[in-house]
Amino acid sequence: MYITFGISQKDYFDEELLLKPLPSGHVYAYFQFTTLWDVDPKVTSFQHCHLFPRALGEIVGRYNVQELHITLTEGLWRYENWGYPVFDAAPGAELWAWFKEDTQNVDEAWKELTSALSGLLCASLNFIDAANSLSPELTLRPAGVVDNKPVNSSYLRYATLPREIVCTENLTPWKKLLPCDSKDSSCSKMSVELRQTVSLVYDIVIVGAGSRDWSMRKLFGMGLGGACPLATMSNIYIDITSNKTETPFQLVPQASAVTTSIRGGYETRLAVYDVKSLKISSMFNVAVVHTQTPQVFNINSPPVLFANRYIVGYGQERGGIVTKLHNNHWKSLDIVYLENIPWFLPVYFHTLKIVANGKEIKPVMKRYIPGKERTRPYYLEVALKLPGRSVTEISIDFDYVFLKWQEYPPDANHGFYIGAAIITALLPVGKNYTGLPQDGSTITSSFNATREGYLVQLRTETLIITLPTPDFSMPYNVICLACTVVALAFGPLHNITTKSGREGERRGVALQPTKVSFRTNKNRRITENVDGASYWTEGESFVVRLGRKEAVEKRGRGGGGDSRFIASACTPERQRSSSVCFRPQLPVLQSAVACRDRHTQVCAENVRSR
51 MYITFGISQK
61 DYFDEELLLK
71 PLPSGHVYAY
81 FQFTTLWDVD
91 PKVTSFQHCH
101 LFPRALGEIV
111 GRYNVQELHI
121 TLTEGLWRYE
131 NWGYPVFDAA
141 PGAELWAWFK
151 EDTQNVDEAW
161 KELTSALSGL
171 LCASLNFIDA
181 ANSLSPELTL
191 RPAGVVDNKP
201 VNSSYLRYAT
211 LPREIVCTEN
221 LTPWKKLLPC
231 DSKDSSCSKM
241 SVELRQTVSL
251 VYDIVIVGAG
261 SRDWSMRKLF
271 GMGLGGACPL
281 ATMSNIYIDI
291 TSNKTETPFQ
301 LVPQASAVTT
311 SIRGGYETRL
321 AVYDVKSLKI
331 SSMFNVAVVH
341 TQTPQVFNIN
351 SPPVLFANRY
361 IVGYGQERGG
371 IVTKLHNNHW
381 KSLDIVYLEN
391 IPWFLPVYFH
401 TLKIVANGKE
411 IKPVMKRYIP
421 GKERTRPYYL
431 EVALKLPGRS
441 VTEISIDFDY
451 VFLKWQEYPP
461 DANHGFYIGA
471 AIITALLPVG
481 KNYTGLPQDG
491 STITSSFNAT
501 REGYLVQLRT
511 ETLIITLPTP
521 DFSMPYNVIC
531 LACTVVALAF
541 GPLHNITTKS
551 GREGERRGVA
561 LQPTKVSFRT
571 NKNRRITENV
581 DGASYWTEGE
591 SFVVRLGRKE
601 AVEKRGRGGG
611 GDSRFIASAC
621 TPERQRSSSV
631 CFRPQLPVLQ
641 SAVACRDRHT
651 QVCAENVRSR
């Protein structure tokens, strides 16, 4: 039996590229790939996919996710010099998600979601847990369509990993989520929008080897191979607004169309290349060639709102976090300021100060949840009104704490990171604004999209602090010292405890001279030096003198006045203490010969010829 379900595939895929020369001489490249899928929002099955990536769809459906945002960023966007990007992101990894209202356990779903995304994107998102997650009440509102009722922030989870670094192993799985890189084919359920973006900033002086001329081949290493066959729209936009105010340049080849967009009283001119309509047989390349050699770079007028953030204080006891908000507009601005401070940096809410142009101002609303060690971070959210033409300073004090030695990273002396703060504002003008409208999905939807206000989110710099750090090299020094002492002492101790006494005495006695003396009855004396022992004869006695000890043996035999004797120095005590043994033989001594055999025994023989 076969059961077949008829599915109407109402999904669209658009790919766009925006290239914008920046006043500082850099080039901003923004890729956006949008997959729009028109289906029933109540259906959560992702078993059949066409353009939407099934791997991501199964994760979203399994963990009951309503809205998901993931950013992986390397570097920092310079708002004061470059204006506003199309989409802003904090340095490192940033993740926030809205769960559906029927989710039973949000914390458990959040933990499982981060682990699944960690495996999908090859990132360290599995380190996100309750200890670095929070639920903002005012910031990070849903970007999609929601019901007409108050939003419950208990279904929102937000976390950052400032130390996460973007590399090739993150971009490869991200690329596989695109329709043209996927081998799957069949999907459609629920009204879903997937937006994948890549933002790059190039230094033309470095890329162009000193020249301000640039091209896609120089920026990306190769041209474009053409449009994706599954894409509904495939366009390239180049911002040529500065062609009138700065050094003029030409586009090679010429654009198929030029679009003028007016937003909030500011005009933007864009050259449009429709890649799908071009019959590309090889790599497609667009170059920007300046007709005159530029001498200086123009200075961009600062945007309406930007911020700076830094650490104050000295020593390792107390410090402070200071954020300066610059409002260059003549009218006041309403903003929301969000801080996600780690649990190992305890802040004091009573030290919070907000000063604008030397005068302390009172915030409209404050939200603060104290952190708990190893359990939750410090949550601070402030809504305030920035006076026109002002610099507002927000500061709060904190203490440095001691951590357990196992909680320090391998490079503890490098420091600990504090995630970026988020500033949300509604700008009255569209100056330096390139963001997408809230009701739009593509770059094309931002053309001539004049609104009463322009929502912008700014991320500040991430901070790095040095906590009191123990001397992790001390165990290493102790181990090295102990091993050195053991190594130096082991050799002599091993020699002393393993070598036998006989071998030691053999070596010691062999180096000492021995004196042997023999005397006959007729006062005839013969002397030999053998290993420091002295020998002589008196009458029929043979005397062996070794140091302070004497061994005398007397033996007589008859026969013609011949007196025979055998005197031996090989006494039991001598055999135990030394390997030297003397065996004198024959009665009358005429000569003395000292010899040493292969067992290191010294022999003295007296021979009389008959």
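Under our numbering, think of the first position of the sequence shown as 51, with each following residue one higher.
Yeah, the Cβ is synthetic: ideal placement off N, Cα and C, and Gly gets one too.
Since we're looking at a predicted model, the values are computed, not measured.
**Prompt:** Which value, in whole angstroms, describes the spacing of the CA atoms of Gln82 and Ile446?
**Reply:** 38 Å
**Item:** Rounded C-alpha distance that separates Tyr62 from Pro103
**Value:** 13 Å
**Request:** Consult DSSP for Lys60 and reduce its assignment to one of helix, strand or coil.
**Result:** coil
**Asked** Rounded to the nearest angstrom, how far is the Cβ of Leu170 from that of Ala105, given a contact under 8 Å?
**Response** 6 Å
**Request:** Please name the residue in Phe452, Ser168, Val414, Asn131 whose C-alpha comes closest to that of Ile109.
**Result:** Among Phe452, Ser168, Val414, Asn131, the Cα nearest to that of Ile109 belongs to Ser168.
**Request:** Starting from Ala537, trace the alpha helix (DSSP H) both ways and give me its first and last residue.
**Result:** 523-548
**Prompt:** Which runs of the beta strand (DSSP E) spanning at least 3 residues fall entirely within the region 261-309, listed in chain order?
**Reply:** 283-289, 299-302
**Message:** Quick check on DSSP: helix, strand or coil for Gly169?
**Reply:** helix
**Asked** CA-CA distance, His464 and Asp521?
**Response** 14 Å
**Request:** State the DSSP-derived secondary structure class of Arg207, mapped to helix, strand or coil.
**Result:** strand
**Prompt:** Between Asp152 and the rest of its own chain, which residues show a CB-CB distance below 8 Å, the 5 nearest in sequence each way excluded?
**Reply:** Once the five neighbours on either side are set aside, the close Cβ partners of Asp152 are Asn114.
**Prompt:** Are at least three pairs of beta-carbons, each pair with one atom in the region 541-551 and one in the region 468-481, less than 8 Å apart?
**Reply:** no
**Message:** With a threshold of 6 Å on Cβ separation, who are the neighbours of Ala337 within its own chain once the five nearest residues in sequence on each side are excluded?
**Reply:** Ser265, Val302
**Asked** Which residues mark the beginning and the end of the beta strand (DSSP E) in which Tyr450 is found?
**Response** That residue, Tyr450, is in no beta strand (DSSP E); it is neither H nor E in DSSP.
**Asked** When the Cα atoms are used, what is the spatial distance from Leu69 to Leu453?
**Response** 47 Å
**Message:** Between the alpha carbons of Pro437 and Lys374, how many angstroms are there, rounded?
**Reply:** 13 Å
**Request:** Return the chain-ordered list of same chain residues with a C-beta closer than 7 Å to the C-beta of Ile404, the five sequence neighbours on each side being excluded.
**Result:** Glu410, Ile411, Pro413, Leu434, Thr442, Ile444
**Asked** Run through DSSP, which three-state label would Pro518 get?
**Response** coil
**Request:** Pick helix, strand or coil for Asn377, following the three-state DSSP scheme.
**Result:** strand
**Request:** Could you spell out where the beta strand (DSSP E) holding Leu122 opens and where it closes?
**Result:** 115-123
**Item:** As assigned by DSSP and simplified to three states, the class of Leu69
**Value:** strand
**Asked** What is the rounded straight-line gap between the Cα of Ala193 and the Cα of Glu317?
**Response** 26 Å
**Prompt:** Which residues share a DSSP beta bridge with Ala143?
**Reply:** Leu122, Leu211
**Asked** What do you get for Gly275, buried or exposed, if any count of 16 or more other CB atoms within 10 angstroms of its CB means buried?
**Response** Gly275 counts as exposed, since fewer than 16 other C-beta atoms from the protein chains shown sit within 10 angstroms of its C-beta.
**Nearest-angstrom Cβ-Cβ length linking Ala147 and Glu117, presumed shorter than 8 Å** = 7 Å
**Prompt:** Quick one: Cα of Glu502 to Cα of Arg509, how far?
**Reply:** 23 Å
**Asked** Are Phe448 and Gly365 closer than 8 Å when you measure CB to CB?
**Response** no
**Message:** Would His379 and Arg262 be called neighbours here (beta carbons separated by less than 8 Å)?
**Reply:** no
**Message:** In this structure, how does DSSP classify Ile254 when only helix, strand and coil are distinguished?
**Reply:** In this structure, Ile254 counts as helix in the three-state DSSP scheme.
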